[in-house]
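In the numbering used here, the protein residues as written are 3 to 132.
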């Protein structure tokens, strides 16, 4: 059962990354004016990514996730980097594809944030109980 859940959580994580990239391209197309995105559509995209990230995070804190205890520091550093890039204007100067890269990074940030939050809470809990 544990092995099956690890397989499922691996697929949830991988599918979440793929969906974040695809929806990030949609967000980028909306930012560049190629697609007309309403605020409701953007909110739905964020909700979808957040829920998938939350599911992956719940699986991770239950010990069925793809991120092991040894990988937590590396994952957290990667999360901070992705969120920092998403909050900056680093891709604004790129003429044809900057909006698309920014959309992808923001979508990955929305997917990873709840996952990282739950893993951070679990790490704090583990530190406190020792």
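Where a beta carbon is used, it is the ideal one built from N, C-alpha and C, also for glycine.
Quick caveat, the model's predicted, so the values are computed rather than measured.
task: Within 10 angstroms of the Cβ of residue 76, are there 16 or more other Cβ atoms? Answer buried if so, exposed if not.
output: So residue 76 counts as exposed.
field: Continuous alpha helix (DSSP H) stretch holding residue 42: start and end
entry: Where residue 42 is concerned, the enclosing alpha helix (DSSP H) stretches over 41 to 63.
query: Sorted by chain position, which residues of the same chain lie with C-beta nearer than 8 Å to residue 86's C-beta, five sequence neighbours on each side aside?
result: So the list is empty, once near-sequence residues are dropped.
Residue interval of the alpha helix (DSSP H) (run including residue 82): For residue 82, the uninterrupted alpha helix (DSSP H) segment begins and ends at 74 to 89.
- prompt: Between the beta-carbon of residue 22 and the beta-carbon of residue 79, is there less than 9 Å?
  reply: At least 9 Å separates the beta-carbon of residue 22 from that of residue 79.
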